[in-house]
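K.L.:
Protein chains in written order, with our numbering: chain A, 11 to 242; chain B, 11 to 242. If you scroll down you'll find the structure; I have some questions about it.
2 protein chains.
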Amino acid sequence: MTSRASLATRRRETKRQPHPRVAVDAVLFTIEAGTLKTLLVKIKQGPFLGQWAFPGGLVQVGEPLDTAARRELYEKTGVQDLYLEQLYTFGEVHRDPAAHTVAVAYFALVPPGAHALTRGDKYAEIAWFPVSELPELAYDHNAMAITAHQRLQAKLSYTNIVYSLLPPEFTLGELQTIYEVILDKQFDRRNFRRKMLALGLLKPLRKMRRGAHRPAALFAFTRRSPMNVEVL
Amino acid sequence: MTSRASLATRRRETKRQPHPRVAVDAVLFTIEAGTLKTLLVKIKQGPFLGQWAFPGGLVQVGEPLDTAARRELYEKTGVQDLYLEQLYTFGEVHRDPAAHTVAVAYFALVPPGAHALTRGDKYAEIAWFPVSELPELAYDHNAMAITAHQRLQAKLSYTNIVYSLLPPEFTLGELQTIYEVILDKQFDRRNFRRKMLALGLLKPLRKMRRGAHRPAALFAFTRRSPMNVEVL
DNA sequence: GCAAAAGTGTTGAGATTACACCCATGC
DNA sequence: GCATGGGTGTAATCTCAACACTTTTGC
Numbered sequence: 011m012t013s014r015a016s017l018a019t020r021r022r023e024t025k026r027q028p029h030p031r032v033a034v035d036a037v038l039f040t041i042e043a044g045t046l047k048t049l050l051v052k053i054k055q056g057p058f059l060g061q062w063a064f065p066g067g068l069v070q071v072g073e074p075l076d077t078a079a080r081r082e083l084y085e086k087t088g089v090q091d092l093y094l095e096q097l098y099t100f101g102e103v104h105r106d107p108a109a110h111t112v113a114v115a116y117f118a119l120v121p122p123g124a125h126a127l128t129r130g131d132k133y134a135e136i137a138w139f140p141v142s143e144l145p146e147l148a149y150d151h152n153a154m155a156i157t158a159h160q161r162l163q164a165k166l167s168y169t170n171i172v173y174s175l176l177p178p179e180f181t182l183g184e185l186q187t188i189y190e191v192i193l194d195k196q197f198d199r200r201n202f203r204r205k206m207l208a209l210g211l212l213k214p215l216r217k218m219r220r221g222a223h224r225p226a227a228l229f230a231f232t233r234r235s236p237m238n239v240e241v242l
Numbered sequence: 011m012t013s014r015a016s017l018a019t020r021r022r023e024t025k026r027q028p029h030p031r032v033a034v035d036a037v038l039f040t041i042e043a044g045t046l047k048t049l050l051v052k053i054k055q056g057p058f059l060g061q062w063a064f065p066g067g068l069v070q071v072g073e074p075l076d077t078a079a080r081r082e083l084y085e086k087t088g089v090q091d092l093y094l095e096q097l098y099t100f101g102e103v104h105r106d107p108a109a110h111t112v113a114v115a116y117f118a119l120v121p122p123g124a125h126a127l128t129r130g131d132k133y134a135e136i137a138w139f140p141v142s143e144l145p146e147l148a149y150d151h152n153a154m155a156i157t158a159h160q161r162l163q164a165k166l167s168y169t170n171i172v173y174s175l176l177p178p179e180f181t182l183g184e185l186q187t188i189y190e191v192i193l194d195k196q197f198d199r200r201n202f203r204r205k206m207l208a209l210g211l212l213k214p215l216r217k218m219r220r221g222a223h224r225p226a227a228l229f230a231f232t233r234r235s236p237m238n239v240e241v242l
């Protein structure tokens, strides 16, 4: 902590010393073309010039961490309403060669279509990369990517947050595809449908999606807020 | 992040601005007298004078976060070898009224008996409190306590980290008691034993614990390193 | 008519729960 | 001898995994 009695001694020592800086980074996931993708920005300056990294920036005094994360994401993607949670805090001393910077990483999910908003106005290059083919990233962001991917897989298994990767209406097939892509695992269609419907998270709409083949029943989530459920 | 190209503009703005400070706090759990307890220190100075809080302190430049956490714990308890993992980062602006301080909270487990080392040499009061009867804590530490407790419960269910709350040799009854105390739930003794033995995490020692009643078989963990296992 | 995705039930295996009695010891 | 915790087995239920054929549509 900070103004802690028992720490008076060390605090006095450190008071004049420089402190580590605080940054937030955001790992943004979406499903596009049947692939799990993540948003990267290209770095224009400094030791990592030309390398890709997750969007992020320094936290300002007086700014809450999640607000900083949300701001970052909005600036980069224009996406405002998304699922956002804290992922992990990376504090390795030399992760940023320029200065000791502690990075609080966030993890976010955006529904398909939000990509359209990815025109980086005043920003440099910005692009969605398949998670399975990430380039070498700046800082410790490859490790961050792995942590985020694992969290995503875990959360998909025991919460209902898939809803934030889907449009308001979707078919059971589309839902299943998302699970298969993220968990990298195939599911039996009959078992999958029975399980999902038994959970009561979905409500059937009286509509059909028409396409190249047999029309499929459309569903929506009964609740679009995070909750813990043993899904798979 | 920090020296990020696309952030050049804002970085320049913030460069001269003060940054939030970084602290680590540690929530330390143990089982004592059949109760789950956590370690608190009493604050001697500042706005929270006289209140209890989790041990913690500012991170120094050049110091990795987990090293800072370990240092804190060692200074306070003398415990060196314990299970330690990052819990969550608390970044609410006014959590420390003195200055915007981001706290990276850690969560640690110590085996019984380590309490003996809790003589706070140069430190003020230090004490183990039952988790169910925590006083009003300084900062946002009551919220931190809840987060830590939830994490402990979750981790106990899907990992083998109980080993770090137990001495090298223990009975199945002692193991079961820990689960019951932490998860606040009763288990059927026969089912519990069958499940635990089936997991293969334990090895029977050819020894007995003698006490007030019928001697109980002693067990040890086959592995004393963290791994994921669906325990209960 | 054919390719492609949607829809639908049943069965067996394994896991989980509930439950009751005898045993070894210290006092 | 009695109070206390240790030790053991079985049956009923539930959950999960495996599995194949028919339907509807666009082309």
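A virtual CB, placed ideally from N, CA and C, is assigned to each residue, including glycine. The structure presented is a predicted model; accordingly, all values stated were derived computationally and were not measured.
1. Taking 8 angstroms as the CB-CB limit, is A/Tyr98 close to chain B?
2. Grab me the residues of B/Gln90's own chain with a C-beta within less than 7 angstroms of its C-beta, minus the 5 sequence neighbours each way, in chain order.
3. Hey, which unbroken runs of the beta strand (DSSP E) at 3 residues or more fall wholly within the region 70 to 129 of chain B?
4. Taking CB distances under 8 angstroms as the criterion, tell me whether A/Arg20 reaches chain B.
5. Near A/Ala78, what residues of its chain come up, given a Cβ to Cβ distance below 6 angstroms and the 5 sequence neighbours on each side ignored?
6. Closer than 7 angstroms, Cβ to Cβ, to anything on chain A: give me those residues from the region 141 to 156 of chain B, in chain order.
7. Run down chain B in chain order and give the residues with a C-beta less than 9 angstroms from the C-beta of A/His29.
8. Do B/Val71 and A/His104 have their C-beta atoms closer together than 8 angstroms?
9. Determine the direct distance from the alpha carbon of A/Phe231 to that of A/Leu242, and round the result to whole angstroms.
10. For the region 189 to 235 of chain A, list the beta strand (DSSP E) runs that are entirely contained and at least 3 residues long, ordered along the chain.
11. If we cut at 8 angstroms on Cβ distances, does A/Leu166 have a partner in chain B?
12. Grab me the residues of B/Asp106's own chain with a C-beta within less than 7 angstroms of its C-beta, minus the 5 sequence neighbours each way, in chain order.
13. Below 8 angstroms on the Cβ atoms is my contact criterion, and I expect A/Ala118 with A/Leu144 to pass it. Report the Cβ-Cβ distance as a whole number of Å.
14. Rounding to the nearest angstrom, what Cα-Cα distance links A/Arg224 and A/Gly183 in this structure?
15. For B/Thr45, which of B/Thr187, B/Ile53 and B/Leu75 has the nearest alpha-carbon?
16. Determine the direct distance from the alpha carbon of A/Arg233 to that of A/Pro30, and round the result to whole angstroms.
17. So B/Gly210 contacts chain A; which residues on that side make the cut at Cβ distance below 8 angstroms?
18. So, is the C-beta of A/Gly88 closer than 8 angstroms to a C-beta in chain B?
19. Just tell me which of B/Gln163, B/Asn238, B/Phe180 and B/Leu193 has its CA closest to the CA of B/Arg220.
20. Taking B/Lys47 as part of the beta strand (DSSP E), name the residues at either end of that continuous run.
21. Comparing C-alpha positions only, which one of A/Val172, A/Leu50, A/Leu59 and A/Lys205 sits nearest to A/Gly66?
22. Using a C-beta cutoff of 8 angstroms, does A/Pro236 count as contacting chain B?
23. Using the Cα positions of B/Lys52 and B/Val120, report the straight-line distance between them to the nearest angstrom.
24. Measure the alpha-carbon distance for B/Val32 versus A/Pro28 and round it to whole angstroms.
25. Please name the residue, chosen from B/Arg81, B/Leu38, B/Gln55 and B/Tyr116, that lies closest to B/Pro122 on a Cα-to-Cα basis.
26. Considering only the beta carbon of each residue, do A/His151 and A/Phe64 sit closer than 8 angstroms?
27. Alpha carbon to alpha carbon, how far is B/Ala222 from A/Ala191? Give it in angstroms, no decimals.
28. Express the C-alpha separation of A/Asn201 and A/Ala208 in angstroms, rounding to a whole number.
29. Quick one, which residues of the region 109 to 122 of chain B are near chain A if we go by CB-CB under 8 angstroms, in chain order?
30. What are the start and end residues of the beta strand (DSSP E) that includes B/Leu68?
31. May I ask you to report which of helix, strand or coil DSSP gives A/Lys132?
32. Using a Cβ cut-off of 8 angstroms (strictly closer), state whether B/Leu162 contacts chain A.
33. Taking the continuous beta strand (DSSP E) assigned at A/Ala33, which residues delimit it?
34. Just to confirm before moving on: does the CB-CB distance between A/Glu146 and B/Pro74 stay below 8 angstroms?
35. Taking C-beta pairs closer than 9 angstroms, name the residues in chain B that A/Pro214 reaches, listed in chain order.
P.N.:
Once the coordinates are examined:
1. Translated into the one-based positions of the first sequence, residue 98 of chain A becomes position 88. A/Tyr98 counts as touching chain B.
2. Within the second sequence, the letter at position 80 stands for residue 90 of chain B. Tyr84.
3. 93 to 100 and 111 to 119
4. For the purposes of this step, residue 20 of chain A is identified with residue 10 of the first sequence, where counting begins at 1. In this prediction, A/Arg20 scores a pLDDT of 40, lower than 50, which makes its location untrustworthy; no coordinate-derived value is stated.
5. By one-based count along the first sequence, residue 78 of chain A stands at place 68. The answer, listed in chain order, is Val34 and Val69.
6. Tyr149
7. Here residue 29 of chain A corresponds to residue number 19 of the first sequence, with the count starting at 1. What A/His29 touches in chain B: His29, Pro30, Arg31, Val32, Leu68, Val69, Gln70 and Val71.
8. Sequence index remark: in the second sequence, residue 71 of chain B carries index 61 (1-based). Sequence index remark: in the first sequence, residue 104 of chain A carries index 94 (1-based). Not closer than 8 angstroms, so no.
9. Residue numbering aside, residue 242 of chain A sits at position 232 when the first sequence is read from its first letter. Residue numbering aside, residue 231 of chain A sits at position 221 when the first sequence is read from its first letter. Taking the straight line joining both Cα atoms gives about 17 angstroms.
10. 212 to 219 and 226 to 231
11. As a first step, residue 166 of chain A must be located in the first sequence, where it is residue number 156. No, A/Leu166 lies away from the interface with chain B (no Cβ there is under 8 angstroms from its Cβ).
12. Locating residue 106 of chain B in the second sequence gives position 96, counting from the first residue. So the qualifying residues of the chain are Tyr149.
13. The count along the first sequence starts at 1 and reaches residue 118 of chain A at position 108. The count along the first sequence starts at 1 and reaches residue 144 of chain A at position 134. With a Cβ gap of about 17 angstroms, A/Ala118 and A/Leu144 do not count as contacting.
14. Here the question's residue 224 of chain A lines up with position 214 in the first sequence. Here the question's residue 183 of chain A lines up with position 173 in the first sequence. Using only the alpha carbons, I get a separation of about 12 angstroms.
15. Start at 1 with the first residue of the second sequence, and residue 45 of chain B comes out as number 35. Checked all of B/Thr187, B/Ile53 and B/Leu75; the closest Cα to B/Thr45 is B/Thr187.
16. In the first sequence, the residue the question calls residue 30 of chain A occupies position 20. In the first sequence, the residue the question calls residue 233 of chain A occupies position 223. Approximately 41 angstroms, taken between the alpha carbons.
17. Reading the second sequence from its first residue, position 200 is the one you call residue 210 of chain B. Within chain A, no residue comes near B/Gly210; the closest Cβ sits about 23 angstroms away, beyond 8 angstroms.
18. One-based indexing of the first sequence puts residue 88 of chain A at position 78. Answer no: the Cβ-Cβ gap between A/Gly88 and chain B never drops below 8 angstroms.
19. In the second sequence, the residue the question calls residue 220 of chain B occupies position 210. When only C-alpha atoms are compared, the closest one is B/Phe180.
20. Along the second sequence, read from residue 1 onward, the residue named residue 47 of chain B stands at position 37. Segment Thr45 to Lys52, the beta strand (DSSP E) holding B/Lys47.
21. Position 56 of the first sequence, counted from the first residue, corresponds to residue 66 of chain A. With distances taken between Cα atoms, A/Gly66 lies closest to A/Leu50.
22. Within the first sequence, the letter at position 226 stands for residue 236 of chain A. It does not: the Cβ of A/Pro236 has no partner Cβ on chain B nearer than 8 angstroms.
23. Working through the second sequence from its first residue, we reach residue 52 of chain B at position 42. Working through the second sequence from its first residue, we reach residue 120 of chain B at position 110. The alpha-carbon atoms of B/Lys52 and B/Val120 are separated by roughly 20 angstroms.
24. Taking the first residue of the second sequence as 1, we reach residue 32 of chain B at position 22. Taking the first residue of the first sequence as 1, we reach residue 28 of chain A at position 18. Roughly 11 angstroms between the two C-alpha positions.
25. Counting from 1 along the second sequence, the entry for residue 122 of chain B is found at position 112. Out of B/Arg81, B/Leu38, B/Gln55 and B/Tyr116, B/Leu38 has the C-alpha closest to the C-alpha of B/Pro122.
26. Walking along the first sequence from the start, residue 151 of chain A turns up at place 141. Walking along the first sequence from the start, residue 64 of chain A turns up at place 54. In this structure, A/Phe64 lies closer than 8 angstroms to A/His151 by Cβ.
27. Translated into the one-based positions of the first sequence, residue 191 of chain A becomes position 181. Translated into the one-based positions of the second sequence, residue 222 of chain B becomes position 212. In the sequence on display, residue 191 of chain A carries Val and not Ala. So the alpha carbons of these two residues sit roughly 57 angstroms apart.
28. Taking the first sequence and counting its residues from 1, the one referred to as residue 208 of chain A is at position 198. Taking the first sequence and counting its residues from 1, the one referred to as residue 201 of chain A is at position 191. Whole-angstrom Cα-Cα distance: 10 angstroms.
29. Ala109, His110, Thr111, Val112, Ala113 and Val114
30. Sequence index remark: in the second sequence, residue 68 of chain B carries index 58 (1-based). Run containing B/Leu68: Gly66 to Leu68, per the beta strand (DSSP E) assignment.
31. Position 122 of the first sequence, counted from the start, is the residue given in the question as residue 132 of chain A. Its pLDDT being 49, under 50, A/Lys132 is placed unreliably in this model, and the value from its coordinates should be taken loosely. It is coil, neither helix nor strand.
32. The residue you call residue 162 of chain B lines up with position 152 of the second sequence. No - not a single Cβ of chain A is within 8 angstroms of the one on B/Leu162.
33. Residue 33 of chain A sits at position 23 when you count from the first residue of the first sequence. A/Ala33 -> beta strand (DSSP E) spans Arg31 to Glu42.
34. Along the first sequence, one-based indexing puts residue 146 of chain A at 136. Along the second sequence, one-based indexing puts residue 74 of chain B at 64. Result no, Cβ atoms of A/Glu146 and B/Pro74 do not sit closer than 8 angstroms.
35. Position 204 of the first sequence holds residue 214 of chain A. Residues of chain B passing the Cβ test: none, with the nearest at roughly 32 angstroms.
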